[in-house]
Amino acid sequence: MHYQDLLFDLDETLFDFKACEQRALHVIFERYNIEFTKELMECYSRINHHMWHEYEFGNVTREEVLDKRFRLTFQELGIKGIADSFEEEYQDELANGAMMKEGALEVVKHLSENHRLYVVSNGVATTQYARLHASGLYPFFEAYFISEEVGYQKPQIEFMEYVNAHIPGFDQSAALLIGDSEASDIQGAVNLGIHSCIIGGKSALATYEISRLDELFDIVD
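Just so you know, we're using numbering that gives the first Met the number 0 here: the sequence shown kicks off at 0 and counts up by one.
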């Protein structure tokens with residue numbers, strides 16, 4: 000089947016977010032002389048994952064996620080004396096990390112020759128734009144739909160309808176959303192009534208399942 004419009008999630012789809020996150024955390028914790036232990040990483044990951052999950056379902060705002068995730072981590076572990084600018088400093092370091100999934104740039108460049116490509120992301124706008132530019136991915140996309148700017152987030156129908164309304168000549172029957180999260184990406188596609196492809200995971204809701212980005216070539220044409 001030929002898909003005209005390809006909607007790409009960013010983190011853990013095109014960007015190796017785990018690698019970017021690890022690098023940024025190492026830098027910022029070292030700056031504050033905080034030992035980067037397994038316990039610290041597991042605590043932060045648990046709280047961060049829970050906060051973003053709540054955000055996806057509209058239970059908390061993006062600002063609450065960014066304000067509380069490190070505060071709650073440090074509170075649970077008894078770490079004190081951390082500056083209020085910690086989150087901002089972390090975002091700055093994260094923006095400097097644009098490590099991509101294998102073949103991401105080549106796949107995106109090739110697909111852009113015969114398809115219209117769009118970004119659909121729940122990430123922080125300034126961070127995502129910085130990484131898109133640094134990675135070389137930015138020029139290959141027609142538009143960028145980032146929850147912070149849209150006012151809603153995946154998988155909310157309001158976010159998906161905004162995407163629908165702001166892509167000229169958008170045909171739901173010829174659109175495919177590619178992402179790594181069943182909860183936000185695949186469910187978002189279901190909410191809009193378009194096909195979806197999950198990468199690096201399993202989903203009974205997804206139209207396709209792939210483990211590598213270059214497998215998209217066999218799907219989209």
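Glycine included, every Cβ here is placed at the ideal spot set by N, Cα and C. All values derive from a computational prediction rather than experimental measurement.
Beyond the five residues adjoining it in sequence on each side, residue 161 comes within less than 6 Å, by CB distance, of 149 in the same chain, given in chain order. Residue 111 places its beta carbon 8 Å or farther from that of residue 85.
Using a 10 angstroms sphere on the CB of residue 1, the tally of other CB atoms stays under 16, which defines it as exposed. Remark: three or more beta-carbon pairs, one from each stretch, lie closer than 8 Å, so the stretch 89 to 109 and the stretch 118 to 135 are flagged as touching. In the displayed model, residue 141 falls within coil according to three-state DSSP, outside both helix and strand. The beta-bridge partner set that DSSP reports for residue 118 consists of 7 and 143. Residue 184 places its beta carbon less than 8 Å from that of residue 176. The C-beta separation of residue 13 from residue 119 comes to about 11 Å, leaving the pair out of contact by the 8 Å criterion. Sequence-distant Cβ neighbours of residue 155 in its own chain, meaning closer than 7 Å and more than five residues away, are 57. Short of 6 Å from the beta carbon of residue 97, and not among the five residues preceding or following it, lie these beta carbons of its own chain, in chain order: 130, 133 and 134.
Counting only unbroken stretches of 4 or more residues, the alpha helix (DSSP H) elements lying wholly within the stretch 56 to 108 are 61 to 76 and 85 to 94, in sequence order. Between the alpha carbons of residue 163 and residue 34 lies a gap of roughly 46 Å.
In the DSSP assignment, residue 195 falls within the unbroken beta strand (DSSP E) covering 194 to 198.
For residue 191, the enclosing alpha helix (DSSP H) begins and ends at 186 to 191. Counting along the chain, the unbroken beta strand (DSSP E) around residue 174 starts and ends at 174 to 178.
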